[in-house]
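For reference, the structure is listed below as structure tokens.
In this note's numbering, the protein residues as written are 23 to 142.
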């Protein structure tokens, strides 16, 4: 089920653009304004749930921190596990990592090596 044009506009209007953050030329999309709007947050999570519920998903993996914010309620709504993907050095167990580029530099993320093996 797709969002209506009105719903799409509503969600986009709840995201605050901040120019030149974290450096000149970058437009940062501040989602805190969407998160604090209960109607917008509920609309988004319900839309994602409806969109993905027909897929055979076992896990939602989310990259911090936005991935945690949206991934955990979606995992709950779909009754699946959640796997955090974190910045380098934040996970306490053996990890695998991947480097990636940003508009303003590079970063590295990690996941526990056994993240998908903890099924009961």
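Using N, Cα and C, we set each Cβ at its ideal position, and we do this for glycine too.
This one's a predicted model, so the numbers in the text were calculated from it and none came from an experiment.
For residue i, which residues in the same chain have their Cβ closer than 6 Å to its Cβ, ignoring the five residues on either side in sequence?
i          : result
residue 57 : 63
residue 40 : 50, 52
residue 81 : 102, 103, 105
I need the DSSP call for residue i, collapsed to helix, strand or coil.
i           : result
residue 137 : coil
residue 32  : helix
residue 63  : helix
residue 71  : helix
residue 48  : coil
residue 131 : strand
residue 105 : strand
Which residues mark the beginning and the end of the alpha helix (DSSP H) in which residue i is found?
i          : result
residue 95 : 88–100
residue 85 : Per DSSP, residue 85 belongs to no alpha helix (DSSP H); it is in the beta strand (DSSP E), 81–85.
residue 26 : Run containing residue 26: none; DSSP gives neither H nor E here.
residue 57 : 54–57
Excluding five sequence neighbours on each side, which residues of the same chain lie with their C-beta closer than 8 Å to the C-beta of residue i?
i          : result
residue 36 : 55, 56, 59, 62
The beta strand (DSSP E) that contains residue i, what's its start and end?
i           : result
residue 124 : 117–124
residue 114 : From DSSP, residue 114 is part of no beta strand (DSSP E); its letter is neither H nor E.
residue 43  : No beta strand (DSSP E) contains residue 43, which DSSP labels as neither H nor E.
On a Cα-Cα basis, can you pick out the residue from the options that is closest to residue i?
i           : options          : result
residue 44  : 30, 135, 33, 127 : 127
residue 86  : 48, 110, 32      : 110
residue 78  : 97, 42, 53, 113  : 97
residue 88  : 81, 107, 76, 113 : 107
residue 117 : 134, 32, 42      : 134
Below 7 Å CB to CB, which residues in the same chain sit around residue i once its five sequence neighbours on both sides are set aside?
i          : result
residue 29 : 65
Checking contacts by CB at 8 Å: is residue i closer than that to chain D?
i           : result
residue 125 : The structure shown contains no chain D; it holds only a single protein chain.
Hey, is the region 23–32 in contact with the region 67–87, meaning 3+ C-beta pairs nearer than 8 Å? Taking 8 Å as the limit for Cβ pairs, the verdict is that the region 67–87 does touch the region 23–32.
The region 96–105 / the region 118–128 touching (three or more Cβ pairs under 8 Å): Output reads no: the region 118–128 does not touch the region 96–105.
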